[in-house]
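In the UniProt record's numbering, the protein residues as written are 1 to 176.
The beta-carbon is built from N, C-alpha and C at its ideal position, and this holds for glycine as well.
Take a look at the structure set out below.
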């Protein structure tokens, strides 16, 4: 996935089809006051690696550098019921299991090409998990300081509005 696809997907997500738990998480609200799944350091490291395949470091820092895994674990803990959390983390374990099955080692130990291959396989074998992971990664990345200021253009106090201004070649999209 390139940056353009990521921005388009994020725009689609924020265009009105964003899920209630994700929107609550962005706003800092808590919807889940019941029990939560305890996330291990290994699961968080695995989340960071999968997120970094979805938005890798290129000319700008990737999802791992932006701390997208911290956002995902907070959203899962605060905004999803325990049964939905279990489904999500089971999907994450399937990614690691598929990695061990195909390459004989855990996902975090793979090289970049192998990680991409496993994520591509996941898009077919466990599409619901992948779509949820992708949505959480994109939202976590583009709402982080790194995503909003380095991947997108950020203008804290914008000037006047000019709706027909031509965008220069190579111009980044604007932060939301």
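Where does residue i sit, in a helix, a strand or coil, going by DSSP?
i	result
residue 78	helix
residue 17	A caution first: residue 17 carries a pLDDT of 45, below 50, which makes its placement in the model unreliable, though a value can still be read off. Three-state result, residue 17: helix.
residue 105	coil
residue 88	helix
residue 62	coil
residue 164	coil
residue 155	coil
residue 70	helix
Given that a residue counts as buried once 16 or more other Cβ atoms are within 10 Å of its Cβ, and exposed if not, what is residue i?
i	result
residue 133	buried
residue 61	buried
residue 49	buried
residue 138	buried
residue 39	buried
Can you tell me which of the options puts its alpha carbon nearest to the alpha carbon of residue i?
i	options	result
residue 92	159, 118, 104	118
residue 143	72, 59, 105, 163	72
residue 136	36, 96, 51, 37	51
residue 70	100, 56, 141, 152	141
residue 113	125, 124, 99	99
residue 59	154, 150, 165, 156	150
residue 102	85, 87, 121, 131	121
If contacts are defined as beta-carbon pairs under 8 Å, then residue i and residue j qualify, I think. What distance do you get, rounded to the angstrom?
i	j	result
residue 54	residue 66	With a Cβ gap of about 12 Å, residue 54 and residue 66 do not count as contacting.
residue 107	residue 47	10 Å between Cβ atoms; not a contact.
residue 172	residue 152	6 Å
residue 43	residue 89	6 Å
residue 36	residue 77	5 Å
Inside the stretch 108 to 152 only - alpha helix (DSSP H) runs reaching at least 4 residues = Fully enclosed alpha helix (DSSP H) runs of 4 or longer: 112 to 125, 127 to 142.
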